[in-house]
Each structure stands twice: as C-alpha cells, then as structure tokens.
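Inspection log for the structure reproduced underneath, given as structure tokens.
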Amino acid sequence: MAFNELRDAVVQVKSEATPGDAETTGFTTLEINGTDSAGVVSPDLQFVEATILRPDFDQRPGTPGRAKSNISIPSYLTTKAAAGTPAPTPANGILLKACGLSEIVATELCTYTPVVTDQSMTVHSYNDGIKTISAGVRGGLSIDLSAGQYPTMTFSGEGTYSAPTPVAVPSNPTYPAEILHQVATANMVIGSASALVIRNFSFTWDVTQTERLDINSANGYKGTAVTAKVGRISTTVEFVDGTSWNPEALLTAGATHAVSLEIGDYIATTSGSGFKFEAPAAQITGVSRTADSGVLAATIDMVCTGNIPFNLIFKSADND
68 MAFNELRDAV VQVKSEATPG DAETTGFTTL EINGTDSAGV VSPDLQFVEA TILRPDFDQR
128 PGTPGRAKSN ISIPSYLTTK AAAGTPAPTP ANGILLKACG LSEIVATELC TYTPVVTDQS
188 MTVHSYNDGI KTISAGVRGG LSIDLSAGQY PTMTFSGEGT YSAPTPVAVP SNPTYPAEIL
248 HQVATANMVI GSASALVIRN FSFTWDVTQT ERLDINSANG YKGTAVTAKV GRISTTVEFV
308 DGTSWNPEAL LTAGATHAVS LEIGDYIATT SGSGFKFEAP AAQITGVSRT ADSGVLAATI
368 DMVCTGNIPF NLIFKSADND
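Offset between the sequence shown (1-based) and our numbering: plus 67.
Encoded structure:
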C-alpha cells in the first residue's frame, strides 16, 4: 500500500533584510499548486573530480564545488481577503519582490513594479519529513491566465544550497486568507481593441542570473548576479467574420500598445477585490495565425518596453 504524502508538503517564504542572509522567523505559508509541490527546491551541485593517470585510471572521490539550489514555486495568483484593509498585500508579494519588483502600498491598492534594488528571500520547503532551506533566492516569474480557469503564477529562481535535514512538518500551519478569482468576465484591452475573443493570456518576467565565481569564497562560488530582465506577453485571439483588427499591420508598423487586463471586481477607488496587469508600451514581435477546429485564431507575442515595462496591482475586499 502506498500513501500520498503531498498533503505533508509545506512551503514558507520570508523576504530577507540583507540579501543572502537566511531569515529564521516570521515566515509566510503559501498556498501552492500541489501538482508540483515536491520539486520546490532541487539541489544543483557541481562536483570537482580528478582522474589519476595510473594503470587502472583510478577515479578519486569528488568534492562539491559550486553549490546552489534551483527553486520552483507554483502558486495561485490571489488577492487578500480582508474587509476594509488598507494594505491588500497578497502572500505572493514576497515572491514578486524576489523578482526585482518594488511593493508600493496605498489605501486599497498594492502595486508591484520593476526596480533596480536587490531583494531576495529565504525559502523553507517541507516534504515528507525533510526540510530544505535556501537563502538569497531571486528569480523570475510566469503568469498563466486561461479562460475559465484560476490564474496561476510560478516563481523560478536560484539560491544558496543547504543540506536537507529531517524535521517534522509544521503542524496546522497558518495560511493567509485569500480569494481566487476565475479568469472570466475580464476586461482585457490591447491598444484600441477591446472587444476581442481572447482564449488565454500569459506573461513571463525573465530574470537572467549569472554565476559569480570567486577564489575567496567557499567552494569558489559567490552566488549569482542579475544581468538581464525582460517582460514578455503571449495571448491567443480568435477571429470571426467582421473582425477588422489587424495585428500583422501593427507588427509591421513597430508601434507600441497599452495592454491591460482586469480580473475580479477591480475598481480603483471603491469597494471590490481583484487584480490588474498593465503594460503601457508593449510591442508586437510575432503573429502566428492558425485554424483551430474551423475557427481562425492568432497567437500574438509582445515584449514590454519602457522604464516601467509593467505593473501588477492588487485590490483587497472592502466591505465598509
């Protein structure tokens, strides 16, 4: 008989006061998408090996060189469920800050926008009685919004490696009160086109990290440095007779377009709960039309440009 132990998987995160220094208290427990929870932290060790030239070509035992962890945290994109709260920061906000986004809190609104500052987090992952810690975690994210489904967000990054230890899974962890909004009855606009039939929308914030090799550091490894960031959008639009919107012409023109997407009861200054994605200057970089079961559709790829390539804005429930 086998047991499904994924119910014993717990992931906790905490923003670091000093990048790279592991936090020990004050962690937030995430509600993660359980289909992938077992692989949140994966060791990535580079072994230093030596082959000795003797008659039998002995292979000596290797020693760990560069040691880091690959981090993948699949979660749902939610809004905080708290009546009348002035700070609607979601639990995912810690992941967003570790992607190089600033957290700007205002009355009823919380905005995440790209900045240069270096923010990292410590990740604690519990699986079947094994605890793995990774500090100095930074990375990028991907957001998927498919029509009729719940929105998901996956954080992918790197951090320092620590050997796992046998530890009991936290009993009755406290999960934040949050709301899941279905991707439906949304308000999505691409430039001047606001009445399109849109099947899905995905956004990736690709953050490139380069390894820093250092003779003066343990195992010759100093960690990573962020060397590139770019935001990309991909969406599938359905075309029917009479649709005059011409993405190929927009691609040829090379112009930029404002892209916005609102989900939930998102109203900027009054009661409601939801979130909004906005890219003020997205440029179309590819258009691919296909016939899908007799319906013409087009996959449109865009890159987010400008000093502020995108914003992700959350609004909490306000029942005052």
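The C-beta atom is built at its ideal place from N, Cα and C for all residues, glycine as well.
Quick caveat, the model's predicted, so the values are computed rather than measured.
DSSP three-state call for residue i: helix, strand or coil?
| i | result |
| --- | --- |
| T319 | helix |
| A285 | helix |
| I300 | strand |
| P128 | strand |
| I161 | helix |
| P231 | coil |
| G106 | helix |
| P141 | strand |
Would you report the Cα separation of residue i and residue j, rounded to the nearest angstrom?
| i | j | result |
| --- | --- | --- |
| G167 | P233 | 32 Å |
| H248 | G287 | 46 Å |
| S136 | T199 | 10 Å |
| I257 | A320 | 15 Å |
| I161 | I351 | 30 Å |
| L379 | S213 | 17 Å |
| D281 | A134 | 13 Å |
| F270 | V190 | 24 Å |
| A173 | A158 | 17 Å |
| K147 | F381 | 8 Å |
| G339 | L112 | 47 Å |
| F306 | Y143 | 30 Å |
| S301 | A76 | 32 Å |
| A262 | L208 | 28 Å |
| T145 | R127 | 51 Å |
| I398 | F268 | Past the boundaries of the shown model lies residue 398; the chain is included only from 68 to 387, so the question cannot be answered. |
| L344 | P181 | For the record, residue 344 in the displayed sequence is Phe; it is not Leu. Rounded to whole angstroms, F344 to P181 spans 13 Å at the Cα level. |
| I138 | G196 | 19 Å |
| N194 | P141 | 15 Å |
| D88 | M220 | 26 Å |
| P243 | V78 | 13 Å |
| E83 | A260 | 42 Å |
| S238 | F342 | 31 Å |
| S201 | P231 | 10 Å |
| D95 | N313 | According to the sequence shown, residue 95 is Thr rather than Asp. Rounded to whole angstroms, T95 to N313 spans 46 Å at the Cα level. |
| R205 | A384 | 30 Å |
| L363 | E315 | 14 Å |
Based on Cα-Cα distance, which residue from the options lies nearest to residue i?
| i | options | result |
| --- | --- | --- |
| E90 | T227, P128, F268 and L144 | T227 |
| I265 | A76, P110, S327 and P231 | S327 |
| T277 | A76, T294, E245 and D211 | T294 |
| G132 | A384, V362 and P110 | P110 |
| G290 | G203, G361, P231 and Q113 | G203 |
| G85 | G129, P314, I138 and M188 | For the sequence presented, residue 85 should be read as Thr rather than Gly. Among G129, P314, I138 and M188, the Cα nearest to that of T85 is on M188. |
| K296 | V362, T184, A358 and K343 | T184 |
| G93 | E315, A349 and K81 | K81 |
| T330 | D359, A349, P218 and V107 | The sequence given here has Ile at residue 330, not Thr. Of D359, A349, P218 and V107, the residue nearest in Cα terms is P218. |
| L97 | V354, F222 and S355 | F222 |
| Q216 | L163, N194, P314 and V250 | V250 |
| A348 | Q186, D359 and T372 | T372 |
| A325 | V370, G341, V115 and P240 | V370 |
| N254 | A285, D332 and D359 | D332 |
| E116 | G361, V108, G129 and W312 | G129 |
| V236 | I246, R279, N313 and S192 | S192 |
| W272 | N283, D359, F377 and N100 | F377 |
| S275 | A285, A292, L363 and S284 | In the sequence under discussion, the amino acid at residue 275 is Thr, which differs from the Ser named in the question. Per the Cα distances, A292. |
| G224 | K164, N283 and R299 | K164 |
| V354 | V362, G361, I367 and W312 | I367 |
| L318 | N100, P240, A365 and E170 | A365 |
Can you name the residues that DSSP bridges to residue i?
| i | result |
| --- | --- |
| P8 | Any answer about residue 8 is impossible in this case: the structure gives the chain only from 68 up to 387. |
| Y193 | V77 and K198 |
| G207 | S223 |
| T291 | E278 |
| N254 | E329 |
| L247 | T145 |
| S269 | D211 and S301 |
| L176 | A173 and K382 |
| D111 | K135 |
| A262 | None, per the DSSP bridge assignment. |
| S82 | M188 |
| T96 | Q79 |
| G341 | G331 and K382 |
Answer with yes or no whether the minimum CB distance from residue i to chain B is below 8 Å.
| i | result |
| --- | --- |
| R356 | As a matter of chain content, chain B is missing from the structure shown, which is built from one protein chain. |
For the segment 346-380, which segments carrying the beta strand (DSSP E) assignment without a break, of at least 3 residues, lie completely within its bounds, in sequence order?
362-371
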